[in-house]
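The sequence shown begins at 3 in this note's numbering and counts up by one. By construction, the Cβ of each residue, glycine as well, lies at the ideal position given by its N, Cα and C atoms. Predicted model, so just to flag it, every value in this text is computed and none were measured. The structure appears right after this line, and notes come after that.
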Amino acid sequence: MELPVHGLFADGRFAAGRFGAGRFADWLFAAGLNVAIGKPSKASTIKKVDNDDSAVCSCLANDGYLSTTELTTCMSTAEGDPAPFWELDLGEKYEIAGINIDFDDDDKMRRSGISILLDGKEIFVTNDQTTDPAYIPNNKRRNWIGQVLKLQRKGPRIDPLMICEVEVFNCMPGFYGYECEGICERPVCDNGKFCSRIDGSCPKTVEVKETTDCSPLILVAGYVVGFLIISLFIFAAKVIPYKKKSKPKAVKKEAEGDKVEEGSESRGDKEESQAESGQSSGTDEKESQV
């Protein structure tokens with residue numbers, strides 16, 4: 003005969019083990035975390051205690067306190083509430099390993115007919131055979147992944163909903179199983195994510211097939227390069243002939259300059275020759291007079 007045992011540590015982790023008959027056997031330490039402690043919660047109504055509104059609140063059902071059965075440490079809806087419920091927001095989606103509910107109610111009928119919903123989907127319904135506390139483990143078929151947990155009565159019953167504690171367990175990275183007793187063979191998978199907290203498996207990786215199709219980015223880049231090359235050819239075709247035509251103009255100007263210099267030199271020669279001829283004629287006249 004084996005007796006399952008659940009215990010919570012001060013930091014919210016819990017351990018699970020099995021004691022064999024007369025001996026300590028198959029002890030399993032589970033690296034799990036109660037992610038419900040201190041998270042926002044609400045209820046349809048709250049039962050007052052001696053007209054003290056501050057004595058009872060919905061938060062008492064997830065404060066992590068398990069050692070008492072007094073109403074001041076448990077949450078209860080008011081008498082006559084036609085649709086009593088209690089709701090917990092975990093703040094983000096979790097891959098839930100299991101849920102533990104402490105009703106602290108000896109009446110089996112009062113703790114039966116309670117629907118447990120995760121993100122609006124019913125995942126479990128208690129009955130007159132449900133134990134107190136009731137530990138509800140997850141499995142691969144159930145695959146509980148969600149954020150908002152809700153407990154509500156089914157049917158037209160108006161019995162108050164009394165809950166002393168609700169624990170929602172999430173396995174630490176690298177562990178899996180109903181009680182987080184399993185250790186993943188590959189804690190970190192190929193895609194960089196942790197192994198499944200339900201069965202320890204890694205998600206299947208999708209193979210990327212090679213393809214010969216050009217991507218739109220490559221096509222655009224080709225168009226841009228082609229445009230630049232064509233533009234360069236057009237620019238070269240316009241500029242190079244212009245430079246070739248501009249050189250004769252400079253030569254022509256140099257030739258014109260040479261002609262001007264030659265003209266000025268010829269005019270100077272003519273003037274010198276005229277002056278020499280004038281001098282010679284004057285000398286001849288003087289000699290003839292003598």
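- Proximity to residue 195 across 175, 182 and 180 peaks at 175, based on C-alpha coordinates.
- Membership of residue 147 in the beta strand (DSSP E) is indicated by the continuous run 147-155.
- Here the stretch 111-130 lies against the stretch 144-162, with 3 or more beta-carbon pairs under 8 Å apart.
- Looking at the DSSP output, residue 129 shares a beta bridge with no other residue.
- The residues 128, 129, 130 and 132, in chain order, have a CB closer than 7 Å to that of residue 114 in the same chain once the five nearest residues on each side in sequence are set aside.
- Here residue 48 carries a coil assignment [DSSP, helix/strand/coil].
- Inter-residue distance for residue 138 and residue 192 is about 31 Å (C-alpha atoms, whole angstroms).
- Nearest Cα to residue 60 within the set 95, 91, 189 and 111: 91.
- For residue 64, the closest of 105, 86 and 49 by C-alpha to C-alpha distance is 105.
- Excluding five sequence positions before and after residue 184, the CB atoms of its chain that fall closer than 7 Å to its own CB belong to 177, 178 and 202, given in chain order.
- In the assembly as shown, residue 96 is a buried residue. Its beta-carbon has 16 or more other beta-carbons within 10 Å.
- Annotated three-state conformation of residue 136 is strand, per DSSP.
- Taking C-beta separations shorter than 8 Å and ignoring five residues to either side along the sequence, the partners of residue 189 in its chain run 175, 176, 196 and 197, following chain order.
- Per DSSP, the unbroken beta strand (DSSP E) holding residue 100 starts and ends at 100-104.
- The secondary-structure analysis by DSSP pairs residue 119 across a beta bridge with 124 and 152.
- Looking at the DSSP output, residue 97 shares a beta bridge with 147.
- Where residue 168 is concerned, the enclosing beta strand (DSSP E) starts and stops at 167-173.
- Close CB contacts of residue 83 within its chain, under the 6 Å cut and outside five residues either way in sequence, are with 46 and 47 (chain order).
- Following the DSSP letters along the chain, one finds residue 36 inside the beta strand (DSSP E) bounded by residues 34-36.
- Residue nearest to residue 42 within the set 204, 231 and 152 is 152 (criterion: CA-CA distance).
- According to DSSP, residue 164 shares a beta bridge with 78.
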